[in-house]
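Below is one structure; the comments refer to it alone.
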Ligand code: C2E
Ligand code: CA
Ligand code: CA
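Numbering (my numbering), first residue to last: 233 to 763.
Written out as structure tokens, the structure is:
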């Protein structure tokens, strides 16, 4: 359409007639603003005025309700006035909206995705920082991570996994209150944002989510129940970034997950330090093996009959570049839960064999070195082959090696454990049952296990001083071991009195501070030379 300098229609094509819902002859020569008073001060009005005043082209897009259509109007100035070109952009807009939806939502569940989650979270954090929030109310972020979802996927297939995620998302949406927000931020990770809530309400909601998960899902003809670990972080009064808030919820989730028992964990400062430490250690592990930061200390063991050395236990230490020498309690569970668990077994075997070789060259003969393996390390495939291969490479007799395992690692899969122990025995590698008496102590399985030595737990040794009962227990352990053809060694022996009682009870050997603390490789060699 064209309009002259006095805002009168001078030209309209057919499309313009349709858009303006008027026949051409009714409009030509009339003032546009009188014909369409609603448009005065609208976006179109401003753009036309501007083009007429400046001579510069203008552009305006707007929704036109009477036709349920989006129009783009472009205005151009000329000597006689202005000309406006209209274009129906409804389809383009829908397409753009779809693209925007897809870019901000997860295709599988239809929930907002991580990007949208961070946007919404940032908005909510900014909103919470502005005054006017209800007293006592706060913003809560819940980080949900499904338990063992990888296993579910592996066992039932990805189609079932996808179905479960969709099913869970649907239930989540159904229980959300209007001011809550839910997003899927990773494979099996979801984030909830609860506005104007309280700590108790947030926790109650977390439990409601768990109840939804515990009700069976029908997925591809199967019935599957799920569980999750949920971390909660609250934004109270201290200003904080969306990232920091989410990371606190993630940390709390990780704490819940690694506790193994608690499913919902609210974030607090202490947790932060502990968890941050563990997370940092987990990161540092990536360097530790390559940078040679692990080392072994050796604690001598002596026979009670004649105080002759019978060997030593190899104990792991981490010489951390920032934190100094770390003992196992500070890092072992992190290490054993990491992908480096298997690396440790090989490293340990190589290190022990290397030390034995080095001592031999110094003329120090060592009867036997014990090393500790966790449940999973013991049950990992081809342990015997691995040991034999490494021992051969270092020219060490397998009979110089002893593998210490704990009761709980045996009962987790008694059949497999029995066959691994039998294979070790066949290869001439001896085995010890560590911390005996501290765990299950089910005698039933003990009879069936091909084990060479029982290590009496230090708690019994410590109790010897003031308990008749401890002495009786030790006697019966020794008796039991004898009848099964096993030797006994007591751990944590710190004083002469304990050694004397143990000898009296018929125990074969001792290990503890009384004999020596764990020693570095060289100090251990010197100790052995003095013996
Ligand atoms: P454990 O196998 O029971 O090892 C004995 C622990 O008792 C050692 O602690 C040792 O230093 C300590 N100890 C020795 N004598 C005495 C004593 O007279 N009194 C007292 N109170 N304690 C004594 P450490 O070196 O801190 O090791 C702790 C645990 O870490 C070990 O307990 C073992 O379960 C685990 N561990 C150590 N090295 C390794 C390893 O290479 N692999 C695996 N999987 N676990 C390891
Ligand atoms: Ca041990
Ligand atoms: Ca022990």
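By construction, the Cβ of each residue, glycine as well, lies at the ideal position given by its N, Cα and C atoms.
According to the Cβ coordinates, are residue i and residue j closer than 8 Å?
{"i": "residue 415", "j": "residue 457", "result": "no"}
{"i": "residue 294", "j": "residue 275", "result": "yes"}
{"i": "residue 665", "j": "residue 683", "result": "yes"}
{"i": "residue 750", "j": "residue 390", "result": "no"}
{"i": "residue 252", "j": "residue 260", "result": "no"}
{"i": "residue 316", "j": "residue 280", "result": "yes"}
{"i": "residue 711", "j": "residue 689", "result": "no"}
{"i": "residue 686", "j": "residue 733", "result": "no"}
{"i": "residue 421", "j": "residue 376", "result": "yes"}
{"i": "residue 587", "j": "residue 753", "result": "yes"}
{"i": "residue 543", "j": "residue 602", "result": "yes"}
{"i": "residue 182", "j": "residue 449", "result": "Limits of the chain in this structure are 233 at one end and 763 at the other, which puts residue 182 out of reach."}
{"i": "residue 309", "j": "residue 283", "result": "yes"}
{"i": "residue 498", "j": "residue 545", "result": "no"}
{"i": "residue 226", "j": "residue 442", "result": "Here the chain covers residues 233 to 763 and nothing more, so residue 226 does not appear."}
{"i": "residue 694", "j": "residue 724", "result": "yes"}
{"i": "residue 722", "j": "residue 746", "result": "no"}
{"i": "residue 740", "j": "residue 539", "result": "no"}
{"i": "residue 357", "j": "residue 472", "result": "yes"}
{"i": "residue 461", "j": "residue 379", "result": "yes"}
{"i": "residue 444", "j": "residue 403", "result": "yes"}
{"i": "residue 619", "j": "residue 581", "result": "yes"}
{"i": "residue 681", "j": "residue 642", "result": "yes"}
{"i": "residue 633", "j": "residue 598", "result": "no"}
{"i": "residue 764", "j": "residue 716", "result": "Residue 764 falls outside the range modelled here, since the chain spans only 233 to 763, and no answer is possible."}
{"i": "residue 656", "j": "residue 635", "result": "yes"}
Ends of the beta strand (DSSP E) at residue i?
{"i": "residue 549", "result": "541-552"}
{"i": "residue 532", "result": "526-535"}
{"i": "residue 301", "result": "301-310"}
{"i": "residue 450", "result": "449-451"}
{"i": "residue 558", "result": "556-558"}
Check whether chain B comes within 8 Å of residue i, counting only Cβ atoms and requiring the distance to be less than that.
{"i": "residue 579", "result": "Looking for chain B here will not work: only one protein chain is present."}
What is the DSSP secondary structure of residue i, reduced to helix, strand or coil?
{"i": "residue 516", "result": "helix"}
{"i": "residue 497", "result": "strand"}
{"i": "residue 243", "result": "strand"}
{"i": "residue 388", "result": "helix"}
{"i": "residue 409", "result": "coil"}
{"i": "residue 764", "result": "It is not possible to answer for residue 764, since the shown part of the chain is limited to 233 through 763."}
{"i": "residue 645", "result": "coil"}
{"i": "residue 278", "result": "helix"}
{"i": "residue 522", "result": "coil"}
{"i": "residue 467", "result": "strand"}
{"i": "residue 479", "result": "helix"}
{"i": "residue 286", "result": "helix"}
{"i": "residue 472", "result": "coil"}
{"i": "residue 749", "result": "coil"}
Which one or two residues does DSSP pair with residue i in a beta bridge?
{"i": "residue 687", "result": "721"}
{"i": "residue 370", "result": "429"}
{"i": "residue 743", "result": "533"}
{"i": "residue 292", "result": "305"}
{"i": "residue 663", "result": "635"}
{"i": "residue 604", "result": "636"}
{"i": "residue 455", "result": "450"}
{"i": "residue 376", "result": "422 and 462"}
{"i": "residue 414", "result": "424"}
{"i": "residue 668", "result": "688"}
{"i": "residue 234", "result": "243 and 315"}
Could you give the first and the last residue of the continuous alpha helix (DSSP H) run that contains residue i?
{"i": "residue 352", "result": "346-361"}
{"i": "residue 238", "result": "That residue, residue 238, is in no alpha helix (DSSP H); it is neither H nor E in DSSP."}
{"i": "residue 323", "result": "322-336"}
{"i": "residue 711", "result": "700-715"}
{"i": "residue 583", "result": "573-593"}
{"i": "residue 738", "result": "Run containing residue 738: none; DSSP gives neither H nor E here."}
{"i": "residue 620", "result": "615-625"}
{"i": "residue 267", "result": "264-267"}
{"i": "residue 680", "result": "Segment: none, residue 680 is in no alpha helix (DSSP H) and carries neither H nor E."}
{"i": "residue 758", "result": "753-762"}
{"i": "residue 259", "result": "256-259"}
| field | Contact between the stretch 408-427 and the stretch 349-360 (3+ Cβ pairs under 8 Å) | value | Flag = yes, the stretch 408-427 and the stretch 349-360 touch.
| task | Give a yes or no on contact between the stretch 574-583 and the stretch 600-620, applying the rule of three or more CB pairs nearer than 8 Å. | result | As far as the Cβ criterion goes, the stretch 574-583 touches the stretch 600-620, which means the pair count is three or higher.
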